[in-house]
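Converting from the sequence shown to this note's numbering requires adding 965 to each position, the first position being numbered 1.
C-beta atoms are modelled at their ideal positions from N, C-alpha and C, and glycine is treated no differently.
Please read all numbers here as calculations on a predicted model, not as lab measurements.
To keep things clear, I will list the structure first and then write my remarks on it.
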Amino acid sequence: MAILLSLHILFVVIWVGGMFFAYVALRPAAGSVLEPPQRLSLWAATFGHFFPWVWGAIVIILVSGLLLIFKYFGGMAGAALYIHIMLGLGILMMLIFMHVFFAPYQRLKRAVAAQDWPAGGKALNQIRVLIAINLTLGLLTVLVASAGKYLAHSRTGKHKKAHIMRAFRLPD
């Protein structure tokens, strides 16, 4: 179970962290120092390297998450609300990514290959909006996943400490 959870978290970090880097650091830097042809070429190449990792992350996150749900909770019926929310947000993120990959990203690659910079800019703008949405959903999912258990069962004082110790399997 520890390996499944570790893989699950690792690939969430890779996907969400990659979107954060691309949106918050690379996007403004590329926009300030590169002309549109170089900027669009950079993004097409960057996505070409990042998206295979996202595909792998989707498989690992979905499989490990479902295995954890069935192993730990005995199925969805036994899972807490925050698990349902986490799964729903994760599936929504996966669907948005698939749309990005099969629609605007393909248009971006074709536009860059044809040196059609206006079409490439339009495709990149669509990707930018969808990645902003997915990044927001990803950060929300991380918050739900990390705090959900504790928000659902808020306790005070000694009981809270004991609850946290049990959650992390620490001695009181």
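Euclidean distance between Cα positions of residue i and residue j
i: Glu1000; j: Leu969; result: 44 Å
i: Gly1013; j: Pro1069; result: 13 Å
i: Ile1023; j: Ile1061; result: 12 Å
i: Phe976; j: Ile1025; result: 7 Å
i: Gln1080; j: Ala1110; result: 43 Å
i: Arg1075; j: Met1041; result: 42 Å
i: Lys1114; j: Arg1093; result: 32 Å
i: His1064; j: Phe1038; result: 31 Å
i: Ser971; j: Ile1096; result: 25 Å
i: Arg1004; j: Ile979; result: 23 Å
i: Ile1050; j: Ala1044; result: 10 Å
i: Leu1032; j: Ser997; result: 44 Å
i: Ser1029; j: Ala1112; result: 20 Å
i: Asp1137; j: Phe985; result: Here Asp1137 scores only 49 on pLDDT, less than 50, and its place in the model is too uncertain to base an answer on.
i: Ile1098; j: Leu1116; result: 24 Å
i: His973; j: Phe1066; result: 22 Å
Assumed close pair residue i, residue j - CB separation to whole angstroms, cut-off 8 Å
i: Phe1035; j: Gly983; result: Contact flag wrong, Cβ pair sits at about 28 Å.
i: Val981; j: Leu1104; result: 7 Å
i: Leu1046; j: Thr1106; result: That pair is no contact at about 14 Å.
i: Pro993; j: Trp1082; result: With a Cβ gap of about 20 Å, Pro993 and Trp1082 do not count as contacting.
i: Leu1057; j: Leu1102; result: 6 Å
Interface flag, residue i vs chain D, CB-CB below 8 Å
i: Asn1099; result: The structure shown contains no chain D; it is built from a single protein chain.
Three-state secondary structure (DSSP) of residue i
i: Met1051; result: helix
i: Gly1122; result: A caution first: Gly1122 carries a pLDDT of 48, below 50, which makes its placement in the model unreliable, though a value can still be read off. In this structure, Gly1122 counts as helix in the three-state DSSP scheme.
i: Gly1030; result: helix
i: Ala1112; result: helix
i: Ala1088; result: helix
i: Met1041; result: helix
Q. What are the start and end residues of each continuous alpha helix (DSSP H) run of 4 or more residues lying completely inside the region 1053-1084, in chain order?
A. 1069-1079, all fully within the region 1053-1084.
**Item:** Length-filtered (4 minimum) alpha helix (DSSP H) runs lying within the region 980-1018
**Value:** For the region 980-1018, the full-length alpha helix (DSSP H) segments reaching 4 residues or more read 992-998 along the chain.
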